[in-house]
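**Q**
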Amino acid sequence: MKVLLTLIERLIAQQKTAFTRGLALSFLVLAMGAALLGLSGWFVTAAAVAGVTGLGLGFDFFQPSAGVRGLALGRAVARYGERVLTHDATLRALADLRLALMDGVSRRPHEDQAKLRGAEALNRITSDVDALDGLLLRLALPFLAGGMVQLSALLMLWWLEGLPIGLAVFAIYLIGGGGGLIWVARAARSDARAAETALQAIRSHALELMRGRADLAVAGALRSQSAQILAQIDAEAIARRNLEALDRRVGAVISATAALAGAAALAIGGQMAAAGQITPARAAIGLFVALALAESLMLLRRGMAEIGRMQEAGARVLDLSDTPARPDATTQPLPVPDAPLLRAKGLSFTRPGAQAPVFEGLNFDLHPGETLFLTGPSGAGKSTALAVLAGLLAPSAGTLAMCGVAMAQWPEADLRAHLTMVAQRSQLIGGMVAENLALALPQGKLLPEDEARAALHAVDLDEVIEARGGFAALLGEGGAGLSGGQAKRLALARAALRRPEILLLDEPTEGLDAPTAAATLAGLRRLLPDSGIIIVSHRNHDLAFASREIALK
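Written out as structure tokens, the structure reads:
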């Protein structure tokens with residue numbers, strides 16, 4: 001429960017006012033429901049007693065009926081306001097949670113981030129955030145509002161009828177209703193986990209089927225892959241049916257609890273009415289209020305059934321979002337005049353637990369205007385070396401300095417102002433071309449269109465973008481709408497907009513034909529004449545643009 005309490009506190013922190021208003025309206029809805037039924041029961045009973053005793057002519061029918069209408073209309077208005085406020089606040093809180101999650105992922109080690117880019121990991125993260133959308137609406141708010149209305153009912157019944165009736169109704173709901181909700185939370189855990197596991201398998205296998213259906217068909221595995229998906233669909237359906245059956249059973253438990261509380265209130269109230277302590281009409285209030293209080297537990301049924309799923313999802317989300325900040329330098333570094341842009345001496349990197357280094361003995365000086373070509377066979381660690389040079393991974397041995405200052409002494413913001421890396425798989429977002437380019441700029445800064453056009457022209461992409469509608473051209477998720485080579489060049493243009501002193505490029509011409517690749521590399525050098533560029537590429541013709549070649553060991 002500590003995980004869920006921590007998440008609830010964080011979700012509410014940024015939306016306190018909206019959630020406070022939503023909680024007040026949630027309580028008001030439940031309280032008006034109980035008051036409406038209690039007043040109606042009193043009204044009917046009092047009117048019947050007045051008719052039997054011959055006092056009907058003197059009975060005031062107008063004020064109680066006005067109260068009933070007022071409570072009914074007020075409940076409807078309060079329900080509408082509660083839905084608007086709580087749903088709006090929940091969506092905003094989840095947006096804040098997603099930002100915190102992405103911020104935590106960005107602080108993860110480089111290799112951990114690479115693992116989180118896989119389809120299975122992304123599906124899990126998405127599903128975990130989706131699971132938490134009910135944490136406030138179906139658990140926290142109903143629990144708080146229900147508890148408040150139960151205590152209020154205890155006090156009101158004590159005032160109107162007497163302490164025995166209030167205590168009896170409160171105790172029955174506490175034991176019967178509370179016990180039923182705790183039971184469903186425990187009983188639903190295994191089925192909720194099974195349903196979630198099956199759903200993840202369906203997403204993963206369906207994605208594999210869509211992406212590789214041609215290869216699967218050639219290999220004769222299309223039918224078996226489809227059968228696996230159908231089996232997981234059946235497993236998910238069985239788990240969902242079990243959860244629905246459990247939901248019906250806990251609904252029956254709550255209904256029985258309400259009936260028992262109503263019977264107890266009626267029995268005690270009848271005895272008090274017979275003794276002349278209260279009127280028969282007042283005795284009816286306890287019965288109807290006890291029946292109305294069932295709503296405060298019914299709202300919690302689904303939330304308690306999903307509490308196990310929420311807890312597991314919340315633990316994973318907190319683990320990612322609570323990633324400790326990377327250690328940062330405490331002093332402002334002063335670049336050394338005439339020092340190389342980047343200097344590596346005896347640089348090597350070994351993964352934790354590995355016996356042999358990924359690469360070792362890397363030595364070079366990178367000066368303004370130079371282009372270094374990093375070579376080596378497949379698996380030699382060229383991409384890992386770029387991550388070390390970019391400050392994303394700490395070297396296992398050797399020294400690395402930028403502008404004469406050790407890499408570890410550069411604060412993150414200053415480091416990124418000097419150095420930019422374009423990974424082999426650069427990401428684009430769904431939206432306008434201008435929005436993709438603006439990711440290279442400080443937050444809030446407008447895109448300088450002249451510089452953006454120059455960057456697009458440098459990578460031979462300006463005519464393509466202009467034909468699609470210019471900067472306002474819309475791209476789909478992940479840059480859908482552009483070919484692989486065009487998406488790569490848009491990422492290169494985005495990096496060039498930063499005008500970095502050091503530019504690290506991992507397979508920058510992948511997916512490009514030879515003339516386009518040559519035009520792209522030549523355009524980048526014209527746009528950034530004084531920048532030091534390090535290129536990792538398996539294409540030998542890219543070597544023509546390098547000042548010198550360095551082979552990894």
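Counting along the sequence shown from 1, when you hit position 140 you're at 140 in full-length UniProt numbering, and nothing is skipped either side. Beta carbons: idealized from backbone N, C-alpha and C, even for Gly.
1) What separation, rounded to the nearest whole angstrom, lies between the Cα atoms of Leu441 and Leu230?
2) What are the boundary residues of the alpha helix (DSSP H) that includes Leu167?
3) Are the segment 449-462 and the segment 519-526 touching, with three or more C-beta to C-beta distances below 8 Å?
4) What does the alpha-carbon distance come out to for the pair Arg108 and Leu415?
5) Need the endpoints of the beta strand (DSSP E) that Lys345 sits in, please.
6) Please report the residue range of the beta strand (DSSP E) in which Glu360 lies.
7) DSSP three-state label for Asp506, please.
8) Among the residues of its own chain, which have a CB less than 6 Å from the CB of Phe288, if the five just before and after it don't count?
9) Just the C-alpha distance for Tyr80 and Ala18, rounded to the nearest angstrom, thanks.
10) Assign Ser26 to buried or exposed, taking buried as 16 or more other Cβ atoms, counted over all protein chains shown, within 10 Å of its Cβ.
11) Using the C-alpha atoms, what's the distance from Asp506 back to Thr384?
12) For Ala237, tell me which candidate among Thr279, Thr197, Val218 has the shortest Cα-Cα distance.
13) Judging by CA-CA distance, which residue of Leu392, Ala265, Ile307, Gly369 is the nearest neighbour of Arg138?
14) What first and last residue would you give for the alpha helix (DSSP H) that runs through Ile534?
15) From Ala380, Ile172, Gly270, Ala394, pick the residue whose C-alpha is nearest to that of Leu297; which is it?
16) Hey, is the segment 153-165 in contact with the segment 192-209, meaning 3+ C-beta pairs nearer than 8 Å?
17) Provide the residue span of the alpha helix (DSSP H) that contains Glu549, from first to last.
18) Measure the alpha-carbon distance for Ala95 versus Thr45 and round it to whole angstroms.
19) To the nearest angstrom, how far is it from the Cα of Leu246 to the Cα of Asp103?
20) State the Cα-Cα distance for the pair Leu97 and Ala487, rounded to the nearest angstrom.
21) For Gly431, which residues does DSSP report across the bridge?
22) Phe373 bridges to which residues according to DSSP?
23) Using DSSP bridges, identify the partner residues of Ala421.
24) On the three-state DSSP scale, how would you describe Leu400?
25) Cβ of Ile429 within 6 Å of any heavy atom in the ligand COA?
26) Roughly how far, in whole angstroms, is the beta-carbon of Ala290 from the beta-carbon of Gly262, given that I think they are within contact range, below 8 Å?
27) Would you kindly work out how many angstroms separate the C-alpha atoms of Ala413 and Ala546, rounded to a whole number?
28) Under 8 Å by Cβ, that's how I've got Ile202 and Gln232 pegged, so tell me the actual separation to the nearest angstrom.
29) Among the candidates Gln63, Gln427, Gly398, whose CA atom is the shortest distance from the CA of Phe349?
30) By how many angstroms is the C-alpha of Thr516 removed from the C-alpha of Asp365?
31) Can you list, in chain order, the residues of its chain with a C-beta nearer than 6 Å to that of Ala423? Leave out the 5 residues immediately preceding and following it.
32) Quickly, what does DSSP pair Ala239 with across the bridge? List them, please.
33) Which residue wins for smallest C-alpha separation from Ser190, given the options Gln311, Leu389, Thr323, Ala417?
34) Does Gly319 pass the burial test, meaning 16 or more other C-beta atoms within 10 Å, or should it be called exposed?
35) Would you identify the three-state DSSP class for Ala405, choosing helix, strand or coil?
36) So for Ile254, helix, strand or coil by DSSP?
**A** Judging by the given coordinates:
1) 47 Å
2) 163-172
3) yes
4) 17 Å
5) 342-349
6) 359-366
7) strand
8) Leu37, Gly38, Gly41
9) 14 Å
10) buried
11) 10 Å
12) Thr197
13) Ile307
14) Looking at the DSSP string, Ile534 is not in any alpha helix (DSSP H); the run it does join, the beta strand (DSSP E), is 532-536.
15) Ile172
16) no
17) Per DSSP, Glu549 belongs to no alpha helix (DSSP H); it is in the beta strand (DSSP E), 548-551.
18) 51 Å
19) 38 Å
20) 29 Å
21) Leu475
22) Ile535, Glu549
23) A quick correction: the sequence has Met, not Ala, at residue 421. Paired residues: Leu504.
24) strand
25) What this structure holds is no ligand at all, so the ligand COA is not there to describe.
26) 4 Å
27) 29 Å
28) 5 Å
29) Gly398
30) 29 Å
31) Asp506
32) The partner list for Ala239 (beta bridge, DSSP) is empty, contrary to what the question assumes.
33) Gln311
34) Note on residue identity: the sequence assigns Asp, not Gly, to residue 319. Its Cβ having fewer than 16 others within 10 Å, Asp319 is exposed.
35) The residue you asked about is not Ala; residue 405 is Val in the sequence shown. If DSSP states are grouped into helix, strand and coil, Val405 belongs with the strands.
36) helix
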